[in-house]
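**Q**
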Amino acid sequence: MKTAALIAMTCVVLTACGGGDDSSTASTGPNTGTGTGTGNGPGTGSGSNGGSTLTLRYEALSPAADAASFLALLNSEGAKGFRYLSDRFNASGTTTTSVFVNDGTAQTYTYELAGAQSSASAFLAQANAEGARGYRFEGPLTYGNLYRKDGGSSATYTYAALAWPASQAAFLTQANGQGQSGYWLVGPIMLGSGSTSLYMKDNASNATYTYHALTLPATSSDFIAQANSEGANGYRAKGRWGSAPTPRGSTSRIRRNRPRSRTSRRPCRRRAQRTSSN
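Quick note, the sequence shown lines up with residues -18 to -1, 1 to 260 if you use mature numbering (1 follows the signal peptide of the UniProt record, and there is no 0).
Quick look at the structure:
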C-alpha cells in the first residue's frame, strides 16, 4: 500500500555557515535554470545562482546489466565529472536510461557499492565506515548500497538512524533536534521490518537545519508558488513524507521559527536512486 502524506511538504532551512546535503557549493542566491536533452546522449542546461551563471550538462546512457558493469559505468562517468542521478524509465519509449549530471561542483567522483544491510546497527557500521573515508551514502539500489566520494573534498560523514516518528509533531521534534546538531535528514530507509529516519552530518561543515511542514498543494502551480514563497525565506523543499494512509494534503500547516542567520541557501536535489517514472 502506498502511504500518503503524513507530512505533506517538509521544508528545511540551512543556518550558520557551511554546506548542505547536496553537492553544490554555489553562493547564496536564487536558483533558476532550464535544460534540454532527448534520448541517449548529452544535454545541457544553464541557470543563475546569486548573480553567477551555472551550466549543467547531462548524459543519458544505456544502463548496465550487472553490479560490476554498473559500478564501472558510474566510475567512468565520475572520472569525467558526471554525477549519477538515477535510472529513468520512459514509458512511451519503453526504454531505461542511466542519467548523469555535470554541474562543475567536483572535478571527479568515485563510487563504491556495499552489500545491503538488514539492521540499523549493521547499516550504521557500514555507512560510518564509508563516511570516515569520505564516501557519502547515495541510496539503496538494486545492486547494493551506493556511496560516493567527491574528488578534491576532505569532508567526512557521520550517520544516525532513529525510529521513524508516528506523528507529524514527533517528526518535527526529531528532525529539528537532529538538525540543530548538524544532521541533515536523508530520508526514511527500510531496515528490517521497520522504517528508519536516516540523518547525515558533514563533519567539515558547521551548518544546522530547521524544518517545518506545510499542507501539500492541490496543483502544480500552487506548489511552485508555495515553494518559491518558502525559498524567499531561505527554505528549500525537502519532500513529501508519509507513514500512514492518510488523505492527501490532510495535515495542518506548521509554522516555523525564523533562524537568526542564513549564509547558504541551496535547492534540495533528488537523492540518487534507481527509479521508474512515466
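A virtual CB, placed ideally from N, CA and C, is assigned to each residue, including glycine. All figures in this text were calculated on a predicted structure; none of them were measured in a lab.
Let's test the definition: count the other Cβ atoms within 10 Å of the Cβ of G113 and tell me whether it reaches 16, buried, or not, exposed.
**A** buried
**Q** Where does G134 land, buried or exposed, given buried means 16+ other C-beta within 10 angstroms?
**A** exposed
**Q** Can you find the residues in the same chain that come closer than 7 angstroms, C-beta to C-beta, to A98, ignoring five residues on each side of it along the sequence?
**A** P122, G126 and N127
**Q** Please state the DSSP three-state secondary structure of N210.
**A** helix
**Q** Measure the beta-carbon distance from Y93 to Y141 and round it to whole angstroms, keeping in mind my assumption that it falls under 8 angstroms.
**A** Not confirmed; about 18 angstroms, so no contact.
**Q** Tell me whether S58, by its Cβ, gets closer than 6 angstroms to a heavy atom of the ligand FMN.
**A** Ligands displayed in this structure: none; no statement on the ligand FMN is therefore possible.
**Q** Should G161 be labelled buried (16 or more other beta-carbon atoms within 10 Å of its own) or exposed?
**A** buried
**Q** What alpha helix (DSSP H) runs, 4 residues minimum, are completely inside the segment 87 to 114?
**A** 102 to 114
**Q** Quick one: using the 10 Å Cβ neighbour count with 16 as the cut-off for buried, is S44 buried or exposed?
**A** exposed
**Q** Quick check on the burial criterion: 16 or more other C-beta atoms within 10 angstroms. Buried or exposed for N84?
**A** buried
**Q** Just tell me which of A54, N57 and A143 has its CA closest to the CA of A107.
**A** Selected option, being the one with the closest Cα: A143.
**Q** Give a yes or no on contact between the segment 150 to 169 and the segment 191 to 208, applying the rule of three or more CB pairs nearer than 8 angstroms.
**A** A contact exists between the segment 150 to 169 and the segment 191 to 208.
**Q** Report the partner residues of F205 according to the DSSP bridge assignment.
**A** Note: F205 sits in no beta bridge, so no partner.
**Q** In chain order, what residues of the same chain lie with their CB nearer than 7 angstroms to the CB of S100, ignoring the 5 residues before and after it?
**A** L173 and G174
**Q** Specify, as a first and last residue, the run of the alpha helix (DSSP H) that residue 261 falls within.
**A** This structure leaves residue 261 out entirely; the chain is present only between -18 and 260.
**Q** Does the separation of the CB atoms of F64 and F52 fall below 7 angstroms?
**A** no
**Q** Between the C-alpha atoms of R235 and D204, what's the straight-line distance to the nearest angstrom?
**A** For R235, the predicted structure reports a pLDDT of 32, less than 50, and the residue's modelled location is therefore unreliable. The matter cannot be settled from this model.
**Q** Quick one: is P227 buried, meaning 16 or more other Cβ sit within 10 Å of its Cβ, or exposed?
**A** Below a pLDDT of 50, predicted positions are generally treated as unreliable, and P227, at 34, falls in that range; no measurement from the model is reported.
**Q** Hey, out of F119, A104, Y91 and N110, whose CA is closest to L55's CA?
**A** Y91
**Q** From the DSSP output, read off the bridge partner residues of R130.
**A** Y93 and R118
**Q** Could you check which residue in Y40, V168, G86 and A73 has the C-alpha nearest to that of residue 283?
**A** A query on residue 283 cannot be resolved here, the shown segment of the chain reaching from -18 to 260 and no further.
**Q** For the beta strand (DSSP E) holding L198, just list the boundary residues, first then last.
**A** Per DSSP, L198 lies in no beta strand (DSSP E) segment and is marked neither H nor E.
**Q** Taking the alpha-carbon of T179 as reference, which of A186, Y165 and S187 has the nearest alpha-carbon?
**A** Note that residue 179 is Ser in the sequence shown here, rather than Thr. If we check each option's Cα against that of S179, Y165 comes out closest.
**Q** Per DSSP, which one or two residues make a beta bridge with K183?
**A** T140 and Y165
**Q** Sort out for me which residues DSSP pairs L145 with in a bridge.
**A** Note on residue identity: the sequence assigns Ala, not Leu, to residue 145. DSSP lists T178 as partners of A145.
**Q** Quick one: what does DSSP say T155 is sitting in, helix, strand or coil?
**A** helix
**Q** For G176, count the other beta carbons within 10 Å of its own beta carbon; 16 or more makes it buried, fewer makes it exposed. Which is it?
**A** exposed
**Q** Going by CA-CA distance only, name the one from A49, D132, Q150 and S149 that's closest to T87.
**A** D132
**Q** Quick check on R218: buried or exposed, where buried means 16 or more other Cβ atoms within 10 Å of its Cβ?
**A** buried
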